[in-house]
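Numbering (the working numbering), first residue to last: 342 to 968. Positions of the beta carbon are idealized from the N, C-alpha and C atoms, including for glycine.
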């Protein structure tokens, strides 16, 4: 079906966590379009724009790509159904209709029913909705009639009856707006102590805890359904707790179940059917009420297919060899229906015959105390050995692995030096398999920063060289300028040693600044020498003359920079220690460069010039020999 639909995931929708929501774009005219939120969010880098789907290499932290693509396809079909429905019913503004109706969890099976169209006019705008809570419950029941078993419909109707009874009791109309925590508390209290109901033709007040919990659960499901359908605005149901009675459970091991199964009951033939059903229940998880609904055709290829009574869905249970034999025997012998009371009574007898006769004491709550069946308080020492010891107050995880963080502050010494000493000590320790040690905090930040700044330093040198190659139109002479950099680094490190400053991020930044400052001195000499050579001067004469002529500008610019950095170097205010090192690096580098560049650069220029002349002379001699 060709429709103007397209899933998109654009960087302009990116959120603080680095993910972007995926939208389905519907262009219902050449000028109008709408975006439908699928509620699926991924990093935009993992969106395949060509195939319009999520890339297969999506990290599992954001979900499985195959599942998310299937969900996206399902939502795409929902939009297609909505568009087709709007066009079929001649809604003049299908875009508005789709925008108001679309929901990622929308069930489109009931689109053709008349009650769905009642909420919209021919233009596609939503009509005024009847927000009477009982009208909405009736509508909810109608929508569930073909989706759940028949036994669930009375449960929904009971919810309506109990709300009406509570409305009469409190003498106040119940609406969606009043559904808050105060309503929840009053409703629970009413159902617990004041709700009238008949049991065996006798009138009782109050429901059981589990029954109240079921009522609250159905109320929550109903409200969430109305919210998803955009009939009512979102309601916070976080405090609508589903109450349930505390029950004690007895757990049997597989060996104990096998022991019951293999118990000799030849003298108690009537107990075999109860024993077999009990073992079948242990091996499958079925309850006593499930036995009456089992059918022979439920067994298919060693799998038991059990249909749920409430949701009308199927549960598939893999059967062990013993469970399969018991199931087959159960229907082969056509065992009659058993009562719950008989089943419980005979199971106790079978347990005794199997040798499982250990007494079990049940406990219950009395105020804030745990009390056993003999009205005695249960002591922790009765079932556990209690010792005081040191332990972690919190459990920490890094990359989903259990971790312990050891923290320490460094005072009076550089962080890098202390980290190196700790690493040397750790190398002498035999660390067990599965345990790794990593340095975090300032040590990790310093290591990462030094790596980045080292790369920046190399990049700066390369850029200086490339720029000079372009200016000189020669690839050799720029090397002469680069030899001024080691001269400056000597002065920089010497200044750090004299002033007792450490090598840190700021001092490395100062060294990067030095690259441009000290290269300037060499450029002045090399450029002036090249000009004199072009005028006919000899190399040595040109270098001497360049040193004389460029000494004054080199001294002026260098001294100006040194004097300008002195206030920063000797500053003692707040956070001044951060900037002192950078200033001393620049001062030391400029000083050594000012003194040594006048000797090193001309010397390197002369050496390289001699090499060039020697190479060119050899080329000429080889050319003459060939001719």
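| message | Quick check on residue 801 - is its C-beta less than 7 Å from some C-beta in chain B? | response | This model lacks chain B altogether, as it is built from one protein chain only.
| query | For residue 692, is the classification buried or exposed, using 16 other Cβ atoms within 10 angstroms of its Cβ as the cut-off for buried? | reply | buried
| query | I think residue 820 touches residue 953, with their Cβ atoms under 8 Å apart; what is that distance to the nearest whole Å? | reply | The Cβ separation is near 11 Å, so there is no contact.
| field | Whole-number beta carbon distance between residue 796 and residue 859, since they are thought to touch under 8 Å | value | Wrong, their Cβ atoms sit about 20 Å apart, outside the cutoff.
| Three-state class that DSSP yields for residue 687 in the structure shown | helix
| field | Alpha-carbon spacing of residue 604 relative to residue 382, whole angstroms | value | 57 Å
| Identified DSSP bridge partners for residue 743 | 738
| query | Taking the Cβ atom as the reference point for each residue, do residue 884 and residue 943 lie within a distance shorter than 7 Å? | reply | yes
| query | Can you name the residues that DSSP bridges to residue 361? | reply | 355 and 383
| field | DSSP-derived helix/strand/coil call for residue 707 | value | The predicted model places residue 707 with a pLDDT of 45, which falls under 50 and marks its position as unreliable; any figure quoted below should be read in that light. Reduced to three states, the DSSP call for residue 707 is strand.
| field | Cross-strand partners of residue 388 (DSSP beta bridge) | value | 395
| Does the region 423-434 touch the region 405-412, meaning 3 or more C-beta pairs lie closer than 8 Å? | no
| task | Output the distance between the C-alpha atoms of residue 502 and residue 616, rounded to the nearest integer angstrom. | result | 42 Å
| task | Assign residue 746 to one of two classes, buried (16 or more other C-beta atoms within 10 Å of its C-beta) or exposed (fewer than that). | result | exposed
| task | Rounded to whole angstroms, what's the CA-CA distance from residue 815 to residue 874? Just pull it up for me. | result | 15 Å
| Which residue comes first and which comes last in the alpha helix (DSSP H) that contains residue 909? | 880-910
| said: Whole angstroms are fine: how far does the CA of residue 956 sit from the CA of residue 939? | reply: 27 Å
| task | Would you check if there are 3 or more beta carbon pairs closer than 8 Å linking the region 493-510 to the region 473-482? | result | yes
| What alpha helix (DSSP H) runs, 4 residues minimum, are completely inside the region 471-497? | 474-485
| If we count Cβ pairs, one from each stretch, closer than 8 Å, do we get three or more for the region 363-377 versus the region 398-408? | no
| So what does residue 378 bridge to, in DSSP terms? | 364
| query | According to DSSP, is residue 849 helix, strand or coil? | reply | helix
| said: If you measure between the beta carbons of residue 667 and residue 593, is that distance less than 7 Å? | reply: no
| Would the region 740-759 and the region 795-812 be scored as touching if the rule is three or more Cβ pairs under 8 Å? | no
| Residues that residue 781 bridges to, as DSSP identifies them | Beta-bridge pairing links residue 781 to no other residue.
| message | By the three-class DSSP mapping on this structure, what secondary structure does residue 647 have? | response | strand
| Stretch pair the region 832-852 + the region 917-932: three plus CB contacts closer than 8 Å | yes
| Excluding five sequence neighbours on each side, which residues of the same chain lie with their C-beta closer than 8 Å to the C-beta of residue 890? | 869
| Should residue 554 and residue 583 be called a contact, given that it needs their Cβ atoms to be closer than 7 Å? | yes
| message | Can you look up residue 435 in the DSSP assignment and give me helix, strand or coil? | response | helix
| field | Helix, strand or coil at residue 751 according to DSSP, with G and I counted as helix | value | coil
| field | Residues bridged to residue 538 [DSSP beta-bridge criterion] | value | 545
| What do you get for residue 634, buried or exposed, if any count of 16 or more other CB atoms within 10 angstroms of its CB means buried? | exposed
| request: Report the residue ranges of all alpha helix (DSSP H) runs contained in full by the region 758-821; include only those spanning at least 4 residues, in chain order. | output: 782-813
| field | Proximity to residue 562 [Cα-Cα], best of 550, 577 and 685 | value | 577
| query | Is the Cβ-Cβ distance between residue 376 and residue 443 less than 7 Å? | reply | no
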